[in-house]
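J.: The numbers in my numbering rise by one with no breaks, and the one at position 247 of the sequence shown is 480. I'd like to ask you about the structure that follows.
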Amino acid sequence: MDLRAVEYIEKHYSNFSGLQFSRVFKLQSLQDTKREFYDAIKSISNRSLKAKKNGKDLILWARRVKKHNLDFFDDQAVKIHFYSIHRRSLLYSKKLLDVQDEVEFTNDQLAENQKTQEEEEEEAIEETHEEATEENHEEADDGTNETDELNEQKDTEQTENLLNIPSGDFRMKFERCFNKMKAEEKWYLSNGKCVEDELFAFGMQCKEEHPCHSFIVDLTDTNYQKYRVFNDDELQEIGSFREKKLPTMPSKLRDYFNKYNLTTTTALRQKIFAPEQLDEEYSQDMDWIRFTVYSFVREYESESFKRSHSEEWYKAHVWHFLDTVFNNVNEIEVLRVDSAYLRGEKASFSSSKRKNKDRSIGAIDSLVSKKVGSKCDMIFRKLVCNHDDILEFGATETGKDYDGDDATKKLIEGCIKLPKCLKDMLDNLAMNIQAIGDIEVVGFIHSGLQSCLVRADRPTPYTTRITRVRSVHISSDISNFGPSVLPSMYSAWLAREIVKRVLLLLPTSPTAVSNADSSWLETYWTSSKPFVVPETSTSSATSNRSNKKIKNMR
Numbered sequence: 234m235d236l237r238a239v240e241y242i243e244k245h246y247s248n249f250s251g252l253q254f255s256r257v258f259k260l261q262s263l264q265d266t267k268r269e270f271y272d273a274i275k276s277i278s279n280r281s282l283k284a285k286k287n288g289k290d291l292i293l294w295a296r297r298v299k300k301h302n303l304d305f306f307d308d309q310a311v312k313i314h315f316y317s318i319h320r321r322s323l324l325y326s327k328k329l330l331d332v333q334d335e336v337e338f339t340n341d342q343l344a345e346n347q348k349t350q351e352e353e354e355e356e357a358i359e360e361t362h363e364e365a366t367e368e369n370h371e372e373a374d375d376g377t378n379e380t381d382e383l384n385e386q387k388d389t390e391q392t393e394n395l396l397n398i399p400s401g402d403f404r405m406k407f408e409r410c411f412n413k414m415k416a417e418e419k420w421y422l423s424n425g426k427c428v429e430d431e432l433f434a435f436g437m438q439c440k441e442e443h444p445c446h447s448f449i450v451d452l453t454d455t456n457y458q459k460y461r462v463f464n465d466d467e468l469q470e471i472g473s474f475r476e477k478k479l480p481t482m483p484s485k486l487r488d489y490f491n492k493y494n495l496t497t498t499t500a501l502r503q504k505i506f507a508p509e510q511l512d513e514e515y516s517q518d519m520d521w522i523r524f525t526v527y528s529f530v531r532e533y534e535s536e537s538f539k540r541s542h543s544e545e546w547y548k549a550h551v552w553h554f555l556d557t558v559f560n561n562v563n564e565i566e567v568l569r570v571d572s573a574y575l576r577g578e579k580a581s582f583s584s585s586k587r588k589n590k591d592r593s594i595g596a597i598d599s600l601v602s603k604k605v606g607s608k609c610d611m612i613f614r615k616l617v618c619n620h621d622d623i624l625e626f627g628a629t630e631t632g633k634d635y636d637g638d639d640a641t642k643k644l645i646e647g648c649i650k651l652p653k654c655l656k657d658m659l660d661n662l663a664m665n666i667q668a669i670g671d672i673e674v675v676g677f678i679h680s681g682l683q684s685c686l687v688r689a690d691r692p693t694p695y696t697t698r699i700t701r702v703r704s705v706h707i708s709s710d711i712s713n714f715g716p717s718v719l720p721s722m723y724s725a726w727l728a729r730e731i732v733k734r735v736l737l738l739l740p741t742s743p744t745a746v747s748n749a750d751s752s753w754l755e756t757y758w759t760s761s762k763p764f765v766v767p768e769t770s771t772s773s774a775t776s777n778r779s780n781k782k783i784k785n786m787r
């Protein structure tokens, strides 16, 4: 026990602060700090109350702390204090280990060279003696050497296999992924802070799976500020770096949108069926707007929005316009359950591709069943036949209730499941598009009548950025039709335009080679350098727990 702890408590017990105690004694862990504190408390509480010099109030206070096991360190500020210490220690140790590895490698090489030189000298001296005995025992020696070589090779292979066995702990995979990153390709902020290093330091301390384990940074995740991973200015810089502007709607189409900014079903019907120019000069976008508004009018007239419904009802009766907005984009199809009587979701090909990348034929173990990708309510993908590669550009998640932005289902699906699925789609697109920094995928989180557009892009090679557009809540009152329904429809148009923008990045030819130079036929077969990208994390414990929670809510 440190006597200084006793002296400190004697002076500050009346207004004792766990945070201040931690700062003064500068111990490296909360556990060590609490042990030091309670050892001092035990020492003080054992004092006699009869001795005047001992301080009656201090002893009674210490005994009360001991009896009731009062915890002065169960405070957010204390946790942040030790998180910062752990983070600094972790980053320092990683840098130190890198230096140590280089030094050890150099020393090993020098020792190996010295050993080789000594062995060559010994072999030269004993060469004549070995030649004489070698003839007599050639067969036996050859057999022994061959056996030794086979055993050595077998031991080496077994060791390598043990080292390469995938670990069930996603933190180990997370660290291996981090170690593969090149320093020159990481994301450094203007103040010198490295985004990937901060995500790694934070992720190594998380007790549950977090998007940072996939090197996903969500600008709305309050954990980054709560634990001082990034401050407000740094998050703003992360959000504005190589920012992709939202598409701008042509003024003519925007004006047509605003014509339906009305407050009664009667006025809306009159506007819908009034003769318009689009009957003469057909516009698919204007037709989509009119059709969608009409479908909403019918729901308002039947007062559907004043009653609760199932999740499937919201998909079929409210969010259908996310499907129909792509009707004039021939290259895109929207996957969803076709009938309101069928429950279920569609599996992402990109997610399945990632989950099965290490799948192989059976050997010592049986052939593992193919894993299904993340299931989403809608998936926006390139129109393909079964014999073509599949490219995906977005997905949606729908819930039947709005319980606030902090509802469990919304947090799990909106902050973990959907961002990871969008990252898988980005990874798959990056294999087909060279301009990785220009790629973007979109998603929607629906909670009852609320909708939020989610965007995912990769401004740097390793980090996936999640940004969210302003949420829109469709009103159950027709008088708020314009300010609530029209922005929801507008967000669908924005998503479609973003997808169209990415479609233009796809090469018209997979090889993109010149027909004047045939040398590409030779280089075509050369193995290309593997594309290094942080793998999306997978934690079976988190997945099972999340699925159970979501299933119970439906």
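Note that CB positions come from ideal geometry on N, CA and C, so glycine has one too.
Using a Cβ-Cβ cut-off of 6 Å (strictly less than) and excluding sequence neighbours within five positions of Phe270, which residues of its own chain qualify?
T.: Along the sequence shown, read from residue 1 onward, the residue named residue 270 stands at position 37. If we look at Phe270 and ignore the five residues flanking it on each side, it has no Cβ neighbours.
J.: Let me know the secondary structure DSSP gives Met611 once reduced to three states.
T.: Taking the first residue of the sequence shown as position 1, residue 611 is located at position 378. Note: Met611 maps to strand in three-state DSSP.
J.: With a threshold of 7 Å on Cβ separation, who are the neighbours of Ser721 within its own chain once the five nearest residues in sequence on each side are excluded?
T.: Within the sequence shown, residue 721 is the residue found at index 488, counting from 1. The answer, listed in chain order, is Ser684, Val705 and Ile707.
J.: Would you tell me roughly how many angstroms separate the C-alpha atoms of Ser541 and Thr631, rounded to the nearest one?
T.: Walking along the sequence shown from the start, residue 541 turns up at place 308. Walking along the sequence shown from the start, residue 631 turns up at place 398. Each residue's Cα considered, the two are about 14 Å apart.
J.: Look up Gly676 in the DSSP assignment and give the residues it is bridged to.
T.: Here the question's residue 676 lines up with position 443 in the sequence shown. Ala628 and Val687.
J.: CA-CA distance, Ser247 and Gly637?
T.: Along the sequence shown, one-based indexing puts residue 247 at 14. Along the sequence shown, one-based indexing puts residue 637 at 404. So the alpha carbons of these two residues sit roughly 42 Å apart.
J.: Between which two residues does the alpha helix (DSSP H) harbouring Glu532 extend?
T.: As a working note, residue 532 is residue 299 in the sequence shown. Per DSSP, Glu532 belongs to the alpha helix (DSSP H) from Gln517 to Glu534.
J.: Confirm the yes/no value for this check: CB of Phe582, any heavy atom of the ligand FAD, distance under 7 Å.
T.: Ligands are entirely absent from the displayed structure, and the ligand FAD is therefore not among its contents.
J.: If you draw a straight line from the alpha carbon of Pro716 to that of Asn494, how long is it in whole angstroms?
T.: Mapped onto the sequence shown, residue 716 falls at position 483. Mapped onto the sequence shown, residue 494 falls at position 261. Cα-Cα distance, rounded: 7 Å.
J.: Find the nearest neighbour of Asp272 within the set Asp235, Lys244, Arg297 and Ser281, judged by alpha-carbon distance.
T.: Working through the sequence shown from its first residue, we reach residue 272 at position 39. Here the closest residue by C-alpha is Asp235.
J.: According to DSSP, simplified to helix, strand and coil, what is Thr700?
T.: Along the sequence shown, one-based indexing puts residue 700 at 467. DSSP places Thr700 in strand when its eight states are reduced to three.
J.: Relative to the alpha-carbon of Glu544, which residue among Glu408, Lys259 and Glu578 has its alpha-carbon at the smallest distance?
T.: The sequence position of residue 544 within the sequence shown is 311, counting from 1. Nearest option by C-alpha distance: Glu578.
J.: Does the Cβ-Cβ distance between Ala728 and Leu686 come in under 8 Å?
T.: The sequence position of residue 728 within the sequence shown is 495, counting from 1. The sequence position of residue 686 within the sequence shown is 453, counting from 1. Going by C-beta atoms, Ala728 is nearer than 8 Å to Leu686.
J.: Between the region 302-313 and the region 415-430, can you find at least three pairs of beta-carbon atoms closer than 8 Å?
T.: Counting Cβ pairs under 8 Å, fewer than three are found: no touch.
J.: Give me the residue from Ser770, Met414 and Asp466 with the minimum Cα distance to Lys184.
T.: This structure does not reach residue 184, given that the chain is present from 234 up to 787, and the question cannot be answered.
J.: Taking the beta strand (DSSP E) that Leu568 falls in, what are its first and last residues?
T.: Sequence index remark: in the sequence shown, residue 568 carries index 335 (1-based). Looking at the DSSP string, the run of the beta strand (DSSP E) that includes Leu568 is Ile565 to Leu568.
J.: DSSP three-state label for Lys259, please.
T.: For this step, residue 259 is matched to residue 26 along the sequence shown. Reduced to three states, the DSSP call for Lys259 is coil.
J.: Could you give the first and the last residue of the continuous beta strand (DSSP E) run that contains Asp451?
T.: Residue 451 sits at position 218 when you count from the first residue of the sequence shown. Note, Asp451: beta strand (DSSP E), Ile449 to Asp451.
J.: Check for me: the alpha helix (DSSP H) holding Ser724 runs from which residue to which?
T.: In the sequence shown, counting from the first residue as 1, residue 724 sits at position 491. Unbroken alpha helix (DSSP H) run through Ser724: Phe714 to Leu736.
J.: Taking the Cβ atom as the reference point for each residue, do Ile672 and Asp657 lie within a distance shorter than 8 Å?
T.: Residue 672 sits at position 439 when you count from the first residue of the sequence shown. Residue 657 sits at position 424 when you count from the first residue of the sequence shown. Contact flag unset, no.
J.: Just confirm the distance between the C-beta atoms of Phe490 and Leu719, as a whole number of angstroms; I'd bet it's less than 8 Å.
T.: Here residue 490 corresponds to residue number 257 of the sequence shown, with the count starting at 1. Here residue 719 corresponds to residue number 486 of the sequence shown, with the count starting at 1. Contact flag correct, Cβ pair sits at about 6 Å.
J.: Roughly how many whole angstroms lie between the Cα atoms of Pro508 and Thr498?
T.: Translated into positions along the sequence shown, residue 508 becomes position 275. Translated into positions along the sequence shown, residue 498 becomes position 265. Computed Cα separation, rounded: 18 Å.
J.: Output the distance between the C-alpha atoms of Thr496 and Ile711, rounded to the nearest integer angstrom.
T.: Mapped onto the sequence shown, residue 496 falls at position 263. Mapped onto the sequence shown, residue 711 falls at position 478. Their Cα atoms are separated by approximately 6 Å.
J.: Counting only the same chain and skipping the five closest in sequence on each side, list residues whose C-beta sits under 6 Å from that of Leu486.
T.: Taking the sequence shown and counting its residues from 1, the one referred to as residue 486 is at position 253. Result list for Leu486: Asp518, in chain order.
J.: Among Lys588, Trp521 and Ser535, which one has its Cα closest to the Cα of His555?
T.: On the sequence shown, position 322 is the one that residue 555 refers to. Note on residue identity: the sequence assigns Leu, not His, to residue 555. Nearest of Lys588, Trp521 and Ser535 to Leu555, Cα basis: Trp521.
J.: Can you give me the C-alpha to C-alpha distance between Leu616 and Val562, rounded to a whole angstrom?
T.: Locating residue 616 in the sequence shown gives position 383, counting from the first residue. Locating residue 562 in the sequence shown gives position 329, counting from the first residue. When rounded, the distance between both Cα atoms is 10 Å.
J.: Mapping the DSSP letters down to three states, classify Glu385 as helix, strand or coil.
T.: Within the sequence shown, numbered from 1, the residue matching residue 385 stands at position 152. Note that Glu385 scores 41 on pLDDT, short of 50, meaning its location in the model is unreliable; the coordinates nonetheless yield the value given after this. Helix, per DSSP.
J.: Would you mind working out which of Leu739, Cys609, Arg409 and Leu479 sits nearest Val766, comparing C-alpha positions?
T.: The residue labelled residue 766 in the question sits at position 533 within the sequence shown. Residue Arg409 is the option with its Cα nearest to Val766.
J.: Mapping DSSP to helix, strand and coil, what is His245?
T.: As a first step, residue 245 must be located in the sequence shown, where it is residue number 12. DSSP places His245 in helix when its eight states are reduced to three.
J.: Taking Cβ positions, are Ser317 and Gln261 nearer each other than 8 Å?
T.: Taking the sequence shown and counting its residues from 1, the one referred to as residue 317 is at position 84. Taking the sequence shown and counting its residues from 1, the one referred to as residue 261 is at position 28. No, Cβ-Cβ distance for Ser317 and Gln261 is not below 8 Å.
J.: Once DSSP output is grouped into helix, strand and coil, what is the label at Glu316?
T.: Walking along the sequence shown from the start, residue 316 turns up at place 83. Per the sequence presented here, residue 316 reads as Tyr, with Glu not at that position. Of the three classes helix, strand and coil, the one that applies to Tyr316 here is helix, per DSSP.
J.: According to the neighbour-count rule (16 or more other Cβ atoms, all chains shown, within 10 Å of its Cβ), is Lys413 buried or exposed?
T.: Within the sequence shown, residue 413 is the residue found at index 180, counting from 1. With fewer than 16 other Cβ atoms within 10 Å, it is exposed.
J.: Starting from Gly472, trace the alpha helix (DSSP H) in both directions and tell me its first and last residue.
T.: For this step, residue 472 is matched to residue 239 along the sequence shown. Its alpha helix (DSSP H) spans residues Asp465 to Ser473.
J.: Which residues share a DSSP beta bridge with Val705?
T.: By 1-based counting over the sequence shown, the position of residue 705 is 472. Partner(s): Ser684.
J.: For Gly472 versus Leu452, is the C-beta distance shorter than 8 Å?
T.: For the purposes of this step, residue 472 is taken as residue 239 along the sequence shown, with counting starting at 1. For the purposes of this step, residue 452 is taken as residue 219 along the sequence shown, with counting starting at 1. In contact: Gly472 and Leu452 (Cβ atoms closer than 8 Å).
J.: Does DSSP classify Tyr421 as helix, strand or coil?
T.: Along the sequence shown, one-based indexing puts residue 421 at 188. If DSSP states are grouped into helix, strand and coil, Tyr421 belongs with the strands.
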